[in-house]
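For the sequence shown, this note's numbering gives the first residue as 773, with consecutive numbering after it. One structure is given below, encoded as structure tokens.
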Amino acid sequence: MRGMAICLMFGGGMAAADITVYECEAHGDGHYEISVDSAAPDRAQAVYVPGGEYGEAPMEFPLEAVPVASGFGYAGDDVRFRGKGMVEAELTEGAVRLRCLAGGWPVGPVPAVSSGGRLRDGPGLEFRIIDTLAPGSAVEIVLNTRRFHDGYEWLELRLPDGRSGYHWGGLVCLSGAYLPGTTGPCRAIR
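Structure follows, in structure tokens:
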């Protein structure tokens with residue numbers, strides 16, 4: 773997905789502005805979203821969205837265009853955002869580098885493996901335990917909930933028998949792929 777078109781009203785007429793929203797992989801207990809408006813390419817808006825566990829408000833950071841060898845670049849405070857093309861980009865905050873995708877990260881069903889742990893009836897530790905998964909359990913990721921705990925998302929999973937529940941992404945890996953909110957590609961599970 774390249775972005776979304778948003779229509780704005782001007783004096784009774786309609787004008788379309790193409791705003792591309794990039795969603796970055798998890799950082800801390802939240803993630804960044806960067807909005808770039810084609811009608812105002814000299815600036816962008818970065819928003820750090822907390823995972824929701826502690827009721828924190830999103831933090832906004834205005835970014836200004838900066839010269840780059842090729843592609844696009846924006847900077848403000850300690851945040852830098854750059855990319856080439858309109859799909860993938862990178863955000864840096866100090867020494868931390870995060871991958872970002874236009875339109876957000878794909879959602880399931882995505883085949884995955886659990887390294888074991890509790891399956892809950894909601895996205896968080898406060899929810900009831902409905903099952904315990906054994907190490908190496910095959911699962912499908914149905915939804916990234918955008919709720920974070922210790923840098924990983926709570927994911928809605930579907931089990932092979934059709935039941936579903938929520939599992940912490942720090943216990944989930946994918947075969948040869950990367951999905952933010954998970955531990956990344958699977959290694960040998962012991």
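A virtual CB, placed ideally from N, CA and C, is assigned to each residue, including glycine.
| Asked | Found |
| --- | --- |
| Does the beta-carbon distance from residue 801 to residue 921 come in below 9 angstroms? | yes |
| Does residue 931 come out as helix, strand or coil in the three-state DSSP assignment? | coil |
| Considering only the beta carbon of each residue, do residue 947 and residue 911 sit closer than 9 angstroms? | no |
| At which residues does the beta strand (DSSP E) containing residue 863 begin and terminate? | 860-865 |
| If I follow the unbroken beta strand (DSSP E) through residue 833, where does it start and stop? | 831-837 |
| Take residue 899 and list the residues in its own chain whose beta-carbon comes closer than 8 angstroms to its own, dropping the five residues that flank it on each side. | 892, 893, 938 |
| Between the alpha carbons of residue 840 and residue 848, how many angstroms are there, rounded? | 15 angstroms |
| Given a threshold of 16 other Cβ atoms within 10 Å of its Cβ, counted over all protein chains shown, does residue 830 qualify as buried or as exposed? | exposed |
| Taking C-beta to C-beta, are residue 895 and residue 930 nearer than 9 angstroms? | no |
| Could you tell me the distance, in whole angstroms, from the CA atom of residue 792 to the CA atom of residue 903? | 40 angstroms |
| For residue 845, count neighbouring Cβ atoms within 10 angstroms of its own Cβ and tell me buried if that reaches 16, exposed if not. | buried |
| Helix, strand or coil: which one does DSSP assign to residue 897? | coil |
| Report the rounded CA-to-CA distance for residue 838 versus residue 794, giving the unit in angstroms. | 18 angstroms |
| Based on Cα-Cα distance, which residue from 796, 926, 815 lies nearest to residue 836? | 815 |
| Let me make sure I understand the geometry here. Which of 908, 870, 875, 873 has the alpha-carbon closest to that of residue 888? | 908 |
| Where residue 916 and residue 812 are concerned, what is the direct C-alpha to C-alpha distance, given to the nearest angstrom? | 31 angstroms |
| Which first and last residues belong to the beta strand (DSSP E) in which residue 828 is found? | Neither: residue 828 is in no beta strand (DSSP E) and is coded neither H nor E. |
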